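Residue numbers (this note's numbering), protein chains in the order written: chain F, 620 to 875; chain Y, 620 to 875; chain U, 620 to 875; chain S, 620 to 875; chain B, 620 to 875; chain L, 620 to 875.
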């Protein structure tokens, strides 16, 4: 029998056994979105998958296939839709995928579900998707269902941010493709990061509002919204380790 | 001829004249949502309407009817759905309303549109609604269309926040029904605010994640997420005045 | 504590008290639609709101925020979409708003709901919206729910019509922006009506069928489908008074 | 080559020839809905089909397959959903069928389209369906498209109504399953009508408002909303003949 | 009382009696689609209707109105959308019609339902429609519901195929407008078939994949995907007879 | 610069270069679905991904993230929804994902697109998704777009099937989790296959029709619809090699 924590690696009898044993089901939400000249398009898919895997190993969890396309990238948080390779789903489409997956997990008897998000713009349509699932399930009873929705960066403590940004944290939105994500990718898969390409042309100076149709030029040409200097695999591991620990605690606390 | 800046107050020939003259069209996005024991459910509707009115008077704008129901209130930013009187639209419904209104404005020849949001949870479905409108319009050409989407609280400067919160700004999410909104309501309509009811049971200490189905007890019983002490009409006018000025500048800059 | 009958004016504890006391919930359905050269675009929003307010005062009711955009205006009943300032929602969008609001009211414990319509073209999508809400609620039980759907003009008696139209009632569809609506607006807000602009170019002589795409010229240039002569605030009060009385009776009878 | 006017009876090369020759395309909208104890459930399907056939023979038209399910029957106009055998589509479903059919006809080059409705409750979702089709087609140009939407009963003149109802016309809504429909069915297919079953328990005395969930008992037990006495095949032929003539004129005038 | 097996021919009391007696409800799914130069566009509507009628007579069933428009015709199975007269519904629209009809039958107390399909491309959206109905019904209990979904050609035995195609059966997809359908139409309505027009330009040699937008020329010009030679009314009756027998057995077995 | 053929592994400038060079874009469609006791749930995801990778290496292609959830598994082709771990999307959801991805690729300038399907039930909603994308794009011009939609098993030649199944090919539907898929998985990832678990309890003897709600017991208990005996990595490589060659030819021919 496989010891993989990825649902997709299990046969159905193995899945049956794990679900019956009360495995926490992790649903990672990713994206295919530009992450600067120095990182691949799959950063938002890789990171929540890795985190879910690490926590699952310790918490007896199962990692569902990561949804690899995210809700519409916005200039102020992800660079917007114009960078080649950014593939957006509409909010409606994304919400329906989340709804369907939650309903299916419930149908199979799973009640402990962690929706683990890796892409800023997925926050709201993932909420909508979960709410739609709850609405669909409620008439016949949600019966012990507890869906925890986490954006992984929210689990980084102020202390860690202070260690990583001695001169001040620019905020999560500007962190797109910047020190936090770059460091975590360096920790996870250093070959995927080419720091030589990380020419700083930021930080972005965004207007405090959005414009549509999306104007051509506001985002730094690199797609990096803040800075990449100071990124390191070590810092990445600080981040991943802390996120892992805190998510483990959350899981233990919520689902004991 | 009326000098009202509210589109609804105009006859169609008056609307025709104003639109033909290039009036900036303001679409305020509101909500019907609890705002503590001391404020009415319509705070998120009143504030963007008032701001749109003030800017319209100076910028030759027109204020469309405020959408008075908002996207699903969430515990961490608005108290959630359990407070009596909070009436939520789904994200899909809300987005479609925004889409339809934008498309109709475009059909009538308006190209300068400001979507002015007063409810935190409306941010993402208003983006979706505008994106859907742009998608619907794009095949035949969007022809000069410029939709500016503003969350009014984003126009408050760091300086003003520092004046209002000498001991530190708790952040916009926790500001729900707290000093900023209370002060602005005191400035706009003091009779609508009953500070005697503003018993502080906050600030909320939220977990850094969401749970569904919405658990019963996490939000402070009052519905106030932060604090109300120190609210005043004077501070409200600082805020409203600054938002007005900055929105006026934005309008002038974007649509000149 | 406020004595307002508008839900939006209440704090959530006040809303809680009123709903728990069995308040009848009025959901006015409006529109933003041309009403001739002599009346503002908000006639269909103002009238059901006023009526709901008057009945609520006497019946212990609460008035929800009026939906200020209506279903697609049609040439034969509202002048169609071409008059500047007419902002249409699609039937699907409008129905979803109605559905969501009804479901939310039910969720908060309200069972006595009056959907009070002020715009002819809202009739059918409001029916659809209520039916969708009932379908959503039915699996878990509708438990005492009674939604009354009223088009306010249907409550005018034949006698009153005979008093107002001594030479014969032209029918409700042609009454758009004509004597009935003009009179009621004169009673409610005379400053909003400019009878000097009410140049009669009707009555409309419609073909007994519709054409799409909407042809340019069939509607009288003014947008008035019938006549405005003989409109008066006095007649408006006859109408409003009778509608108020009859709606009060309906409410008492249906919800005792 | 067949001389049928029903599109379904043609081979595709025959369809090609007729469409290329500019045939007017009739889209009959029907329903499956109770029509009293004396008439079958298909009345609303049969009548517009017959009328479309008669006009097509004279105008060189083609009759598309009749949509045999209609929008939700309502108590005040069709008896409501409770009579066994009434099969309702939602307004959304019905609108999408109409939209798709119109778009397909346009794609095949047809520009002269008559949507001929036989079921009261189809009025509004057929408007929505046509509007949705026009919205879908507009970006690439509607290019000569003219969709005429007719409710067949609207083509009956006041004179004919006066002949049929010497003591006064009760109005189209109450005419459900009553003299007009019964007479037309007697003219079209007398064997389908069993006047012995037409026990008068009407006319319906409806309240001037709707209630949901649909209450059990308001409609006359027979399902006939008005009266059936005086129905005859002769009167039916007066009606059908006049509708045919007037629709022929409309077609000639609109599409010459 | 009529002895018709078509629901549309019954009055509502007759429908009530039959449904209460446990009549099996047949929902035929048709299409309006090219079927070669020698057959009409309604083949896919006629055949499942006839089969449903024959089985209903023997099994005490009722035939609902056939849905006369099918899901998008595809080149490899139906010739695609380009043949004049082929009128496609989208999968979403088609599914919603099926969903609504199933839900309505359930509401009226029917539990034995046969969805009898006559158009290849309807297979999957009819599955979706039934699944959507089951999802809508499940929260309140599906209570004995059994929906049998049959594609009529699946009931032809290997023996019969061997008799009809002594040199080998080309497979159902290529059978579009070919020997099977032609023979059945010759048995049902020989006047609708003009074998003189059945010029063989097939069989189609399709690539084993699809291309979009639909390329112009891959389908045989006639629209016949395989061959028509050897079609006969006698073979048609073999087919219809066997399908009838087997469907009768299925009905008896499933619903006893 | 990476030489990966996976879009997700590229930075945006790399994606830009490849797309500008005319890379063929492969969109693999997978599923999370039971594949017997001896294979993991991700078979339908792994196989089209591997095939797309192999062809991309030779054809200068790019492989998009595989959609890892498929359309509703059906008993007769995939075992149905009851096996633990099978996670279904609705057809509507699945179609919208495909639509969005195709539209996004087009927006970025890609015109050569291969939708490579690995899950039987995805066939029809992937067609719908592509058709929806074409409808969305058509008004502004599809401009050279060519979407090739391939089900990988369709590229296996009769000769190869004869080699693999000397005693006759059971047909693709019954092949679920059987010799073809097992052999290909043995070739791709032998550790993922546990032939010791492949207890034959088939082949399935399906009724020639579907039943809903899905009945409990028709599928072989293992989930294998046919047989697994005779599966081997060697046969798997015959299959993969041939599919690769033929897909390469298709790509060269369609997109030269």
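For every residue, glycine included, the Cβ atom is placed at its ideal position computed from N, Cα and C. None of the values given here were measured: they were computed from a predicted structure.
Does residue 747/Y come within less than 9 angstroms of chain L when only Cβ atoms are used?
Numbered from its first residue, the second chain carries residue 747/Y at position 128. Cβ-Cβ to chain L under 9 angstroms: no for residue 747/Y.
Relative to the C-alpha of residue 762/L, which candidate in 718/B, 793/B and 832/B has its C-alpha closest?
As a first step, residue 762/L is located in the sixth chain; it is residue number 143 there, counting from the start. Of 718/B, 793/B and 832/B, the residue nearest in Cα terms is 832/B.
Proximity to residue 708/U [Cα-Cα], best of 665/U, 865/U, 651/U and 802/U:
Here residue 708/U is taken as the residue at index 89 of the third chain, counted from 1. Per the Cα distances, 651/U.
Residues in its own chain within less than 6 angstroms of residue 668/U by CB, not counting five upstream and five downstream?
Locating residue 668/U in the third chain gives position 49, counting from the first residue. Same-chain partners within the cutoff: 647 and 685.
Given this structure, state the Cα-to-Cα distance separating residue 568/L from residue 713/F, to the nearest angstrom.
The structure shown does not extend to residue 568/L, since chain L spans only 620 to 875, so no value can be given for it.
Buried versus exposed call for residue 675/S [16 or more other C-beta atoms within 10 Å across all chains shown]
Translated into positions along the fourth chain, residue 675/S becomes position 56. Buried, since its Cβ has 16 or more Cβ neighbours within 10 Å.
Per DSSP, residue 567/U is paired with what?
Residue 567/U lies beyond the stretch modelled for chain U, which goes from 620 to 875, so this question has no answer here.
Contact set between residue 758/F and chain B, taken where Cβ atoms lie within less than 8 angstroms:
Walking along the first chain from the start, residue 758/F turns up at place 139. Near residue 758/F (Cβ distances below 8 angstroms), the residues of chain B are 758 and 759.
Distance, residue 788/S Cα to residue 876/S Cα:
Here chain S covers residues 620 to 875 and nothing more, so residue 876/S does not appear.
Can you pull the chain S neighbours of residue 656/B, defined as C-beta to C-beta under 8 angstroms?
Sequence index remark: in the fifth chain, residue 656/B carries index 37 (1-based). Going along chain S in sequence order, the residues near residue 656/B (Cβ under 8 angstroms) are 630, 631 and 632.
Quick one: give me the first and last residue of the alpha helix (DSSP H) that residue 695/B is part of.
Position 76 of the fifth chain, counting from 1, holds the residue named residue 695/B. Counting along the chain, the alpha helix (DSSP H) containing residue 695/B begins and ends at 694–697.
Own chain, CB closer than 6 angstroms to residue 679/U, minus 5 neighbours either side, in chain order
Residue mapping note: residue 679/U aligns to position 60 of the third chain, counting from 1. Taken in chain order, the residues that qualify are 642.
Would you call the CB atoms of residue 663/U and residue 737/U closer than 9 angstroms?
Here residue 663/U corresponds to residue number 44 of the third chain, with the count starting at 1. Here residue 737/U corresponds to residue number 118 of the third chain, with the count starting at 1. Yes, these two residues count as a Cβ contact at 9 angstroms.
Opening and closing residue of the beta strand (DSSP E) in which residue 682/U lies:
Your numbering for residue 682/U matches position 63 in the third chain. Its beta strand (DSSP E) spans residues 680–682.
Spatial distance of residue 695/L from residue 726/F (CA atoms)
In the sixth chain, the residue the question calls residue 695/L occupies position 76. In the first chain, the residue the question calls residue 726/F occupies position 107. Roughly 20 angstroms separates the two Cα atoms.
Label residue 796/U either buried or exposed according to how many other C-beta atoms from any shown protein chain fall within 10 Å of its C-beta, with 16 as the threshold for buried.
Along the third chain, one-based indexing puts residue 796/U at 177. Per the 10 Å Cβ criterion, buried.
Secondary structure, alpha helix (DSSP H): runs of 4+ residues fully inside the region 778–856 of chain Y:
798–807
Any beta-carbon of chain B closer than 9 angstroms to the one on residue 755/F?
For the purposes of this step, residue 755/F is identified with residue 136 of the first chain, where counting begins at 1. It does: the Cβ of residue 755/F has a partner Cβ on chain B nearer than 9 angstroms.
Less than 9 angstroms between CB atoms is the rule here; does residue 653/U satisfy it with respect to chain Y?
Position 34 of the third chain holds residue 653/U. Yes, because at least one Cβ of chain Y sits closer than 9 angstroms to the Cβ of residue 653/U.
Can you tell me where the alpha helix (DSSP H) with residue 745/F in it begins and where it stops?
To locate residue 745/F, count along the first chain from 1; it is residue 126. That run of the alpha helix (DSSP H) goes 742–756.
Report the neighbours of residue 862/Y on chain F: residues whose CB is nearer than 9 angstroms to its CB, in chain order.
Walking along the second chain from the start, residue 862/Y turns up at place 243. None at all; the shortest Cβ gap to chain F is about 11 angstroms.
Which partner residues of residue 708/Y appear in the DSSP bridge assignment?
Counting from one through the second chain, the residue named residue 708/Y turns up at place 89. BP columns for residue 708/Y point to 690/Y.
Does DSSP classify residue 577/S as helix, strand or coil?
Because chain S here runs from 620 to 875, residue 577/S falls outside it and cannot be looked at.
Is it right to say residue 839/U is buried, meaning 16 or more other beta carbons lie within 10 angstroms of its own, or is it exposed?
Position 220 of the third chain holds residue 839/U. It is buried - the Cβ of residue 839/U has at least 16 other Cβ atoms within 10 Å.
Quick one: which residues of the region 712–743 of chain B get their C-beta closer than 7 angstroms to a C-beta of chain S? List them in chain order.
712, 715, 716, 719, 720, 723 and 727
If the cut is a Cβ gap below 8 angstroms, which residues of chain S does residue 638/B touch?
As a first step, residue 638/B must be located in the fifth chain, where it is residue number 19. The answer, in chain order, is 703 and 704.
Assuming contact is defined by CB atoms lying nearer than 9 angstroms, are residue 735/S and residue 670/S in contact in what I supplied?
For this step, residue 735/S is matched to residue 116 along the fourth chain. For this step, residue 670/S is matched to residue 51 along the fourth chain. Yes, the pair counts as a contact, with Cβ atoms nearer than the cut-off.
Give the residues from the region 788–816 of chain S that approach chain U closer than 9 angstroms (Cβ to any Cβ), ordered along the chain.
none
For a contact meaning CB atoms closer than 7 angstroms, what does residue 832/B contact in chain L?
Working through the fifth chain from its first residue, we reach residue 832/B at position 213. Simply 753, 761 and 764.
Which residues in the same chain have their Cβ closer than 8 angstroms to the Cβ of residue 861/F, if we skip the five residues on either side of it in sequence?
In the first chain, the residue the question calls residue 861/F occupies position 242. The answer, listed in chain order, is 774, 775, 776 and 779.
Whole angstroms is fine: what's the gap from residue 835/B's alpha carbon to residue 638/B's?
Counted from its first residue, the fifth chain places residue 835/B at position 216. Counted from its first residue, the fifth chain places residue 638/B at position 19. About 48 angstroms.
Cutting at 6 angstroms between CB atoms, please list the residues of its own chain near residue 688/S, excluding the five before and the five after it.
Looking up residue 688/S in the fourth chain gives position 69. Excluding residues within five positions, the ones whose Cβ falls inside 6 angstroms are 651, 706 and 708.
Just reading off the alpha helix (DSSP H) that residue 632/Y is part of, what are its end residues?
Residue mapping note: residue 632/Y aligns to position 13 of the second chain, counting from 1. First-last of the alpha helix (DSSP H) with residue 632/Y: 631–639.
Is residue 721/U closer than 9 angstroms to residue 748/U when the C-beta atoms are compared?
Position 129 of the third chain holds residue 748/U. Position 102 of the third chain holds residue 721/U. Their beta carbons are under 9 angstroms apart, which means residue 748/U touches residue 721/U by this criterion.
Would you call residue 809/U buried or exposed, if buried means 16 or more other Cβ atoms sit within 10 Å of its Cβ?
Against the third chain, residue 809/U aligns to sequence position 190. Its Cβ having fewer than 16 others within 10 Å, residue 809/U is exposed.
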